[in-house]
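Undergrad: When you line the sequence shown up against the numbering used here, it's residues 390 to 459, in that order. For each residue, glycine too, the CB sits at the ideal point set by N, CA and C. A single structure is presented below for examination.
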Amino acid sequence: MRTYFKEELKERNIILARSGETPEKIEIDQDEIKVYAKDEVYHIPVESLRGKAIMDRLNYKGELTQEIYI
Numbered sequence: 390m391r392t393y394f395k396e397e398l399k400e401r402n403i404i405l406a407r408s409g410e411t412p413e414k415i416e417i418d419q420d421e422i423k424v425y426a427k428d429e430v431y432h433i434p435v436e437s438l439r440g441k442a443i444m445d446r447l448n449y450k451g452e453l454t455q456e457i458y459i
C-alpha cells in the first residue's frame, strides 16, 4: 500500500470537487484508491477511468499546472 499525504497532493494539484480543498491523504491498495476528506472517504477502483487518472497524476514527474478534481 502506498500513501500520499496532503502536502504532496497539494503539489500535484489534486483537489476535492465538493469542497475545493486538498484531500487529507490518499491510500492506494491493490485494487482500490481511498481518498480521505475531512468527514468522508471515497473508494475508487484502480481500473476505473477516474482511478487511472489519479494514478497517472500521482506518478507524473513533470510540472503540473492543471488541477484534477475528485
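If the criterion is Cβ atoms closer than 8 Å, does the pair His395 and Thr411 meet it?
TA: Your numbering for residue 395 matches position 6 in the sequence shown. Your numbering for residue 411 matches position 22 in the sequence shown. The amino acid occupying residue 395 in the given sequence is Lys; His does not appear at that position. Yes. Within cutoff.
Undergrad: Let me check one thing: in DSSP terms, what residues is Thr392 bridge-paired to?
TA: Here residue 392 is taken as the residue at index 3 of the sequence shown, counted from 1. Glu416.
Undergrad: Check the C-beta distance from Ile415 over to Met390 and give it rounded, since I have them as a contact under 8 Å.
TA: Sequence index remark: in the sequence shown, residue 415 carries index 26 (1-based). Sequence index remark: in the sequence shown, residue 390 carries index 1 (1-based). Not really, about 11 Å apart at Cβ, beyond 8 Å.
Undergrad: Residue range of the alpha helix (DSSP H) that Ile443 falls in?
TA: One-based indexing of the sequence shown puts residue 443 at position 54. Segment 438-448, the alpha helix (DSSP H) holding Ile443.
Undergrad: Provide the residue span of the beta strand (DSSP E) that contains Ile422, from first to last.
TA: Taking the sequence shown and counting its residues from 1, one reaches residue 422 at position 33. DSSP places Ile422 inside the beta strand (DSSP E), whose first and last residues are 421-425.
Undergrad: So, are the CB atoms of Leu438 and Arg401 less than 8 Å apart?
TA: On the sequence shown, residue 438 is found 49 positions in, with the first residue counted as 1. On the sequence shown, residue 401 is found 12 positions in, with the first residue counted as 1. Cβ atoms of Leu438 and Arg401: not closer than 8 Å.
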